[in-house]
Structures are given as structure tokens and as C-alpha cells.
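Residue numbers (full-length UniProt numbering), protein chains in the order written: chain R, 1 to 398; chain D, 1 to 354. Think of the CB as a built atom: it goes at the ideal place given N, C-alpha and C, for glycine as much as any other residue.
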């Protein structure tokens with residue numbers, strides 16, 4: 001019987017908390033992390049709301065004990081915080097004892113520093129150390145080094161907003177195939193002017209709190225976050241008598257092949273991704289107890305995803321909610337933080353509420369779960385859908 | 001475990017490699033710090049309007065994937081897996097320069113949309129209406145090999161039958177300029193025909209796209225078999241030989257079985273030592289091959305090396321221009337590729353004759 005791939009540790013930093021415990025506490029008490037932006041001086045600051053991590057870069061550097069002459073982007077800093085928590089949670093004392101890899105995900109990479117020093121680089125050598133930190137693989141290399149992952153499989157995935165879900169999927173496949181005994185998987189993305197302005201030009205940023213699956217939704221709030229899971233082989237789990245938090249039971253990735261940024265009207269890609277994941281998990285749709293939806297609160301996503309959910313689950317749609325009203329849309333990290341939330345849901349038998357919802361959408365009758373709901377959960381499905389038609393689903397089970 | 005075959009190639013580079021019938025009979029030499037690509041006629045593959053909207057990297061990726069599918073006589077594939085170290089630099093720079101120059105005003109979404117790292121993979125899928133698995137790896141010098149490993153896993157396990165896998169990187173003016181400032185690009189114009197004797201720091205930068213159709217079925221067009229791929233985030237010079245030997249052993253091979261070793265030397269005096277250790281050490285008596293004097297250095301330049309290996313095995317010939325030493329080779333059965341960039345992201349790829 002396919003038990004799935006064991007998850008033995010997790011770590012997270014987001015707008016609603018600096019570790020797993022703080023995130024859970026905010027989720028159950030309904031504390032949103034959405035506010036006006038404070039750390040980036042953008043002309044849009046009064047027109048948008050974001051999910052910002054509380055710490056400044058300097059505070060993060062101090063906590064991590066990194067020397068001040070480092071060339072870390074904010075993506076690398078928050079990524080390292082979450083990855084370290086995951087390693088600690090998995091009670092890993094000697095990372096080199098087993099074949100350990102790292103699969104991270106990011107869309108922004110070191111863009112925060114590039115946009116700050118873009119022309120400055122040409123004038124003076126004061127900040128040129130950050131040039132090497134621009135590319136998307138840099139934060140991953142730094143996290144690997146700090147964790148002590150050496151001479152091993154380390155890579156980075158960037159498929160826009162489904163990136164971290166894909167990192168989890170690939171990590172699970174590497175464990176199943178026996179290529180690795182253990183792999184740290186997840187993603188990190190910090191806020192940047194680049195993404196704020198990009199989404200602004202697409203006119204999909206809400207000027208107030210985001211309201212997924214609501215008829216009057218106005219768009220998304222951008223957020224920054226990082227989250228990582230530790231996946232371990234059955235042999236390692238048995239040998240070390242490891243505590244298993246949950247299992248990666250199924251996964252699927254498909255392409256909408258419809259438009260570079262918009263989702264197809266009927267959610268073809270999302271439907272395929274969910275169907276593939278159910279097939280890998282060898283589960284029927286009715287086995288899913290809760291869907292942590294992508295639910296970005298854009299007009300296009302929620303309609304397309306809602307229709308896809310209906311296509312897969314027909315007239316028996318399980319409880320579903322989007323947790324983006326808490327954190328904002330954290331882009332490449334979203335699949336990682338929502339994996340942590342799915343595991344927390346399983347561990348605590350609780351469906352997190354879809355905050356800010358008031359008016360059902362007129363296109364369909366399904367409604368998200370709006371109150372916190374306690375019930376026995378055995379299987380949670382998490383969706384992540386991105387630019388380039390990239391659609392991913394990961395199924396977690398007890 | 002199913003076998004994995006390379007059934008089609010599409011390579012756009014600083015040489016005229018897009019013509020699959022040719023094999024480096026004519027070579028272009030450069031005396032510069034950067035090499036441009038020899039462009040195919042993009043309009044033969046993409047409509048004029050679309051071609052104008054696409055940055056070079058997207059165009060190269062779409063056309064290279066097209067060529068690879070034609071070469072293998074495929075209309076569709078099950079999955080598309082792309083590697084790109086720097087992503088869509090041209091559109092990223094366009095959007096960012098405008099953003100800074102106009103203080104976040106008067107921006108339009110086009111270049112932002114096309115700046116996303118998975119634009120090439122998404123555009124290929126859109127073009128051939130492939131709704132299958134679509135991943136993009138963005139891990140510096142190991143981006144292409146990460147994609148290759150993913151494809152190999154899915155094919156050998158029998159999950160998929162045909163996968164399009166490729167590497168693509170483009171140059172953009174600002175990124176080039178700042179990489180000149182930190183001397184990742186050579187400070188002097190350098191003659192590509194004597195690249196390895198330059199004795200200077202940095203590399204001649206290049207760009208290009210190399211796409212391949214990998215399949216579980218052998219056919220007439222098959223070039224070679226992909227036996228194994230391994231990537232390592234770090235590797236000390238002391239451990240290099242040992243890791244190569246164990247990689248070969250794990251995959252049922254050994255040093256004496258290697259008929260040619262394809263090395264990623266880029267003429268950077270600070271990092272070519274890794275390659276020299278092998279060419280002077282464990283592979284001193286093996287036919288050595290190099291290629292970055294033909295295509296330049298970019299994060300996915302090793303896709304050019306992969307093409308070279310495939311082509312050598314298919315044609316059973318090694319062009320003089322890529323030979324690093326002269327050894328007698330009768331039949332060419334097994335080829336090892338080794339690449340690293342600036343001492344990081346090492347990769348080993350093992351290819352065998354079909």
C-alpha cells in the first residue's frame with residue numbers, strides 16, 4: 001500500500017509568524033498579517049496592502065549569526081530561517097550521516113538587492129558583492145552551505161506561483177526513486193518593487209484585504225514568506241525511529257497551455273493536476289477531507305480554480321478555504337507555506353477559515369469554509385497555480 | 001528500468017548548430033569578450049508578430065525545441081523540462097530599468113509577464129498545446145543537468161515516454177556590463193581559437209539554447225543513450241577524481257571504458273584547474289574534448305556539450321576543433337561529460353552508444 005513519503009520536519013516564516021507555532025496560533029485565532037508596506041519605499045504604498053515579515057534584514061542577519069559583510073538577499077535570509085527550523089524540527093544532528101539534498105524554489109531570487117543597486121553597481125564597487133546573489137540559485141546554494149549539505153544534489157525550481165509545490169513533488173520523487181535518503185524541500189520569496197509593480201501593471205492587486213472566492217473580490221495582496229519540509233525515506237525513518245508529521249501521498253503537475261498569465265476559463269490545468277495527484281495517491285476524490293485552495297482572490301484564478309474543483313469533486317466538494325487572507329500571496333513560496341498549513345490542519349484536525357468572505361460567487365454554488373472547523377482530517381489537498389500555465393497539486397495524509 | 005535515448009536535437013549557439021545535418025565542419029572564431037548566437041530564421045518557425053514580441057531567449061527556446069521535435073519526428077511530447085540559469089534577462093532588465101527610470105510610473109505588463117523564469121517552458125507548451133508536466137530549473141551551472149536528471153528519472157521509471165528537455169540562457173546589456181565589472185567576463189578581448197591559453201580570469205560569455213527529445217524508445221534518429229546524470233552543489237578538488245570514479249562505478253562503468261571525456265573548460269585561469277586535474281590525472285590517456293571556445297560560457301552551456309557528446313556517438317567522429325589532445329580511438333562507445341561553473345554546481349553525465 002502506498003503510504004507516501006514521510007515528512008519529519010517543517011519550518012516557516014511569514015507575515016503571521018516567525019516559526020510554525022506562531023503561524024498556527026495566528027491561523028486558529030484569525031489573525032491576519034496584512035498591512036500597509038513598511039520596508040519598501042514604493043509609490044504604491046497607500047494603494048496596496050501586503051503580507052510583510054516583521055523582521056528587518058539586519059535583525060534576520062543577527063538572529064542567523066551571519067557576518068555583516070554577507071551578500072544575502074532577503075530571500076536567502078528568510079529561506080535560511082525556515083530551513084533551519086525544519087532541520088531542528090526533524091531532529092537532525094548530523095546532516096551528513098545520510099545522503100541529503102535540497103530543492104528550493106523562488107521567483108524573486110536576489111531581485112530585492114538588484115533593484116536597490118541597479119545603477120549604483122556601475123558607479124561604485126560598494127555593493128557589487130550582491131551581483132553574484134541575483135540569480136535564483138544563489139539563495140539555495142547559501143541555504144545548503146549553512147545547513148551543511150555538501151557534495152550533494154541541490155537545485156532550484158522556478159515555475160512562478162507553483163514553484164514550492166513543485167519542489168515538494170520533485171523531492172518526493174527523489175526519495176521514492178532512492179536517489180536520496182533525505183531532502184529538504186520548499187521555497188522562499190521576499191517582497192520587491194519588481195513584483196509589486198509587475199502585479200500592479202496586471203491590475204490584479206487589491207487596495208484592501210484580499211477576499212478569495214468572494215463575488216466582489218478585488219485582487220490579491222502580495223506577501224513574503226519561506227517554508228521548508230524535511231522528507232525522509234522509509235528506511236531512514238525506521239532506522240532512526242523518527243516521528244512522522246504527515247506523508248506526501250500524491251502529487252501532480254500539469255500545464256494549462258492556455259495563456260502566459262491567465263488561467264483557462266474551466267481550469268483545465270488545475271483539473272489535470274488534481275486528477276494526477278489523486279491517481280498517484282491512489283485515492284478517490286471523496287477521500288479528500290479538506291482543500292487548501294490556491295485562492296488568490298483575483299477574478300480569474302478563483303473562477304478557474306473553483307470550476308476545476310467542481311470538475312474533480314462534482315457535487316461532493318469537501319471543505320475548502322484559501323489561507324491567503326492571512327499571509328498574502330507569497331508567490332514561489334506559497335506551495336511551501338500552504339504545505340505547512342495542510343500538515344498543521346492534519347495534526348490538529350482543523351479546517352482553517354477563508355477570512356474576509358461575504359458574498360458567494362454567482363458562477364457557482366460552492367462556498368469556502370468561513371469559520372474555523374474542527375473535524376477528523378485524514379487527507380488534505382493543496383493547490384498551487386502559476387504563470388506560464390503551471391498547475392500543481394500536492395496531497396498530504398496522516 | 002527503461003533505457004533513455006536521445007532521439008532529437010535542436011541547438012542554437014555561436015556556431016551554426018541549428019542545422020542538424022552539419023557537424024562543426026565550418027567553425028566561427030571570435031576575438032571578443034562575448035559571443036553572439038548564429039540565429040536561424042525565426043519567422044520560419046514563429047509568426048512574425050509573435051517573434052517580434054519574444055525576447056531572444058524565448059525565441060531560441062521555442063525554435064530549438066521545435067527542431068528537436070522535428071529531428072525525432074514527434075508532434076507532441078508528454079512533458080517539458082527546461083533549465084535556465086539566469087532566466088529571461090532581457091525582459092527583466094527592460095521592466096526594471098523602466099521601473100527605476102520612471103519612478104514606478106508608466107509601466108506596462110508585457111515585459112513583466114515575459115520576465116518570469118518559466119516563460120520559455122510555458123511558451124513551448126502553449127505552442128504545441130502540451131498539457132503535461134512542465135518544470136523549470138534555475139540553478140546556475142547545474143540548471144540543464146537538473147532538468148536532465150528529472151527527465152531521466154521519469155523516463156527510466158516508465159512514467160513518461162517522450163520528454164522535451166533543454167537549457168536556455170540569453171545575454172542582456174546591463175547584466176553583461178555588471179559581470180564585466182566583477183570580472184566574471186574576461187577583461188580583454190580574447191581569441192576563441194586559443195581560449196585555454198589566455199591565462200586570464202573570467203570567461204568569454206555566450207548564450208544559446210539546446211533542446212533534446214528524450215525517449216524510452218530507440219528509433220532510426222537516435223543519437224545515444226543517457227545512462228546517468230549527477231549534480232553536486234560543491235566539490236573539492238581533492239575529492240573530484242574519487243567522485244568521478246564512484247559515479248562511473250555506480251553506473252556500471254569505469255575509467256578505462258571512457259572513450260572520450262567532454263570537459264567544460266572556459267579558459268578562466270581561476271577555475272579551469274578542476275578540468276586540468278582530470279586531463280592531467282585520471283583521464284590523461286583518454287581522448288579529451290572541450291567546447292566552450294565554440295559557444296562561450298553561460299549557465300546552460302553544458303547543453304552544447306551534451307549535444308556534442310550525442311553527435312560524436314551518433315557519427316562516430318570527433319571534429320578536430322574540439323580535441324584537447326590526440327589519442328587513437330577506434331569505436332566510440334562511452335562518453336563522460338564533466339562541467340562546473342566557478343567551482344560550484346558540478347555535474348557528471350554518462351552517455352553510451354545506442
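Item, Value
"C-alpha distance - residue 341 (chain D) paired with residue 271 (chain D), whole-angstrom precision", "8 Å"
"Nearest-angstrom Cα separation, counted from residue 300 (chain D) out to residue 204 (chain D)", "14 Å"
"Contacts that residue 108 (chain D) makes with chain C (C-beta to C-beta distance below 8 Å)", "Of the protein chains in this structure, namely R and D, none is chain C."
"Min CB distance residue 170 (chain D) to chain R below 8 Å", "no"
"Supposed close pair residue 51 (chain R), residue 73 (chain R) - CB separation, criterion 8 Å", "Not a contact, Cβ separation roughly 18 Å."
"Within 8 Å, strictly: CB atoms of residue 354 (chain R) and residue 368 (chain R)", "yes"
"3-residue-minimum beta strand (DSSP E) runs that sit fully inside the region 34 to 105 of chain R, ordered along the chain", "100 to 105"
"Supposed contact pair residue 5 (chain R) and residue 172 (chain R) - C-beta distance, whole angstroms, cut 8 Å", "4 Å"
"Neighbouring residues, chain D, relative to residue 149 (chain R) (Cβ below 8 Å)", "233"
"Interface positions of the region 128 to 144 of chain D facing chain R (Cβ-Cβ less than 7 Å), listed along the chain", "129, 130, 131, 132, 133, 134, 135, 136, 137, 138, 139, 140 and 142"
"Where residue 358 (chain D) meets chain R, residues with beta-carbon distance less than 9 Å", "Nothing can be reported for residue 358 (chain D): it is not among the residues displayed for chain D, which extend from 1 to 354."
"Reduced DSSP category for residue 268 (chain R) - H, G, I as helix; E, B as strand; rest coil", "helix"
"Option nearest residue 98 (chain D) by Cα separation, candidates R:201, R:158 and R:149", "R:201"
"Inter-stretch contact at 8 Å, needing at least 3 Cβ pairs: the region 14 to 21 of chain R / the region 90 to 101 of chain R", "no"
"Supposed contact pair residue 212 (chain D) and residue 168 (chain D) - C-beta distance, whole angstroms, cut 8 Å", "That pair is no contact at about 12 Å."
"Meets three-Cβ-pair contact criterion under 8 Å: the region 20 to 34 of chain R and the region 90 to 98 of chain R", "no"
"8 Å Cβ cutoff, residue 351 (chain D) in contact with chain R", "no"
"Collapsed DSSP secondary structure at residue 10 (chain R) in the structure displayed", "strand"
"Sufficient close CB pairs (3 or more, under 8 Å) joining the region 9 to 21 of chain D to the region 33 to 48 of chain D", "yes"
"Interface flag, residue 312 (chain R) vs chain D, CB-CB below 8 Å", "no"
"Alpha-carbon to alpha-carbon, residue 293 (chain D) and residue 357 (chain D)", "The question about residue 357 (chain D) has no answer here: the residues shown for chain D are numbered 1 through 354."
"Beta-carbon proximity check, residue 245 (chain D) vs residue 348 (chain D), cutoff 8 Å", "no"
"Whole-angstrom C-beta distance between residue 105 (chain D) and residue 44 (chain R), which should lie under 8 Å", "Incorrect: roughly 10 Å between the Cβ atoms, too far for contact."
"Which of helix, strand or coil DSSP assigns to residue 347 (chain D)", "strand"
"Within-8 Å CB hit, residue 181 (chain D) to chain R", "yes"
"Distance between residue 219 (chain R) and residue 35 (chain R) (C-alpha atoms, nearest Å)", "15 Å"
"Inter-residue spacing [alpha-carbon to alpha-carbon] between residue 235 (chain D) and residue 276 (chain D)", "15 Å"
"Residues that residue 373 (chain R) bridges to, as DSSP identifies them", "R:351"
"The alpha helix (DSSP H) enclosing residue 306 (chain D), as first and last residue numbers", "302 to 315"
"Distance CB(residue 96 (chain D))-CB(residue 194 (chain R)) smaller than 8 Å", "yes"
"C-beta atoms of residue 263 (chain R) and residue 304 (chain R) nearer than 8 Å", "yes"
"Counted within 10 angstroms of its Cβ, other Cβ atoms place residue 341 (chain R) as buried (16 or more) or exposed", "buried"
"Bridge-paired residues (DSSP) for residue 182 (chain R)", "R:100 and R:232"
"Length-filtered (4 minimum) alpha helix (DSSP H) runs lying within the region 64 to 149 of chain D", "89 to 101, 110 to 115 and 119 to 128"
"Nearest neighbour of residue 261 (chain R), chosen from D:113, D:84 and D:52 [CA to CA]", "D:113"
"Contacts around residue 228 (chain D), its chain only, beta-carbon distance under 8 Å, and the 5 residues preceding and following it disregarded", "152, 247, 250, 251, 348, 349 and 350"
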